[in-house]
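Last residue of the sequence shown: 272 (the UniProt record's numbering), numbering continuous.
Structure first, commentary second.
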Amino acid sequence: MSTIAESARIHPMAVVEDGAVIGEGVKIGPFCHVGPHVVLHENVELLSHAVVAGRTVIGKGTRIFPMAVIGGDPQSVHHGGEETTLSVGANCTMREGVTMNTGTADFGGQTIVGDNNLFLANSHVAHDCKVGNHVIMSNNVMLAGHVVIEDRVILGGGSAVHQFTRVGRQAFVGGLSAVSYDVIPYGMLNGNPGLLSGLNVVGMTRAGVDRAVIHRVRRAYKSIFEGTGSVRENAAAIRDEYADCEQAVQILDFIAADSDRALSSPTRGQKG
């Protein structure tokens, strides 16, 4: 039997299956479908024609627009019907046609989405993705499986991120870009194939990063990608010099971390 808070408002033409947990102040509009293993925390709103399925938890204040399908099975040939999960944080907005899938058993079984994120129409979060906080995915952005998107990333319309790729904190990916390799924190990537084109200076400025700090990070970027050694060798060589610069250290740590993908650069993947 469902657990439905007294203050929840459910349209008579909506379907809420037995077993669902519906919190205080939840609004469920006409022609919505809520599955039996779904938890909707307080003040979640499903406008109309939205589907929340699977073992899915939706954080408080999140709004889901028409034709979104949240918590569908993984789109993976390896999925055998296991009971995997999707967790969505608080105050997210999922516009029309957004899709998010649960995880796969072979990789921990969890897709995790953080707080205060905006997913514009027809964007997709695949199985086993990890999406941070304050992320913006513009229209038709596609995340393949196992992608990691760190906090405050902006992904331009129609961009696509290859499976197992990481996109670092506050990076900016231009519209229609193909993200085939990891993108450093604060990086800007554009094109197909996607190439680094410098730092997201506008985003850093809006976040309150001091101009002098931005100049230091730019110098670090130049040393990393224009030095005589490999990217990882160059990054290791400047670590002591930039140990007191938080943003530079975030970039250096990102480069040093283990990853299934190579690093995006100003030249990687460029033809000719």
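Just so it is clear, CB atoms sit at the ideal spot from N, CA and C, and this is done for glycine as well.
Status (buried if at least 16 other CB within 10 Å, exposed otherwise) for residue i
i	result
Asp210	exposed
His124	buried
Asp240	exposed
Glu150	buried
Lys222	exposed
Ala171	buried
Arg206	exposed
Gly114	buried
Val77	exposed
Thr102	buried
Gly208	exposed
Gly89	buried
His146	buried
Glu45	buried
Reference residue i, options the options, closest by Cα
i	options	result
Arg9	Glu17, Ser2, Ile22, Met1	Ile22
Ala248	Asp258, Ser259, Ala236	Ala236
Lys60	Gly54, Pro266, Ala50, Asn43	Asn43
His127	His162, Asp115, Gly229	His162
Met100	Met137, Leu86, Ile214	Leu86
Gly158	Phe119, Val77, Gly108	Phe119
Pro185	Asp253, His215, Glu233, Val131	Asp253
Thr84	Ile64, Val69, Ile112	Ile112
Val179	Val57, Arg268, Val15	Arg268
Pro36	Ser2, Pro12, Val51, Glu24	Ser2
Cβ-Cβ separation, residue j to residue i (assumed contact under 8 angstroms), whole Å
i	j	result
Asn117	Asn133	7 angstroms
Ile224	Val231	6 angstroms
Gly175	Met188	That pair is no contact at about 12 angstroms.
Pro74	Thr104	5 angstroms
Gly54	Gly72	7 angstroms
Val183	Ser264	5 angstroms
Val173	Leu195	Incorrect: roughly 11 angstroms between the Cβ atoms, too far for contact.
Glu82	Gly109	7 angstroms
Val34	Val15	7 angstroms
Collapsed DSSP secondary structure at residue i in the structure displayed
i	result
Lys60	coil
Arg95	coil
Asn190	strand
Asn116	coil
Thr205	helix
Val44	coil
residue 295	The first residue shown for the chain is 1 and the last is 272, placing residue 295 beyond what the model contains.
Ile184	coil
Phe172	strand
Asn234	helix
Arg261	coil
Ser223	helix
Ala20	coil
Arg9	strand
His37	coil
Leu216	The sequence given here has Arg at residue 216, not Leu. It is helical.
Length of the line joining the Cα atoms of residue i and residue j
i	j	result
Ala262	Tyr181	5 angstroms
Val167	Glu6	42 angstroms
Asn91	Ala160	24 angstroms
Val202	Val153	13 angstroms
Gly25	Ser48	16 angstroms
Gly272	Gly229	Caution applies to Gly272, whose pLDDT of 44 falls short of 50 and renders its modelled position unreliable; the model cannot decide the point.
Asp106	Ala212	46 angstroms
Ser259	Val69	30 angstroms
Gly97	Ala144	17 angstroms
Asn190	Ser177	5 angstroms
Met94	His41	16 angstroms
Pro266	Val51	41 angstroms
Asn200	Ala257	21 angstroms
Asp244	Glu233	20 angstroms
Thr62	Val39	12 angstroms
Tyr193	Met142	The question names Tyr, but residue 193 is Pro in the sequence shown. If I take the Cα positions, the gap works out to 15 angstroms.
Asn122	Cys32	18 angstroms
Gly80	Lys130	21 angstroms
His215	Ala20	52 angstroms
beta-carbon residue i near the ligand MN non-hydrogen atom, thresh 6 angstroms
i	result
Arg219	Looking at this structure, you won't find the ligand MN or any other ligand, since it has none at all.
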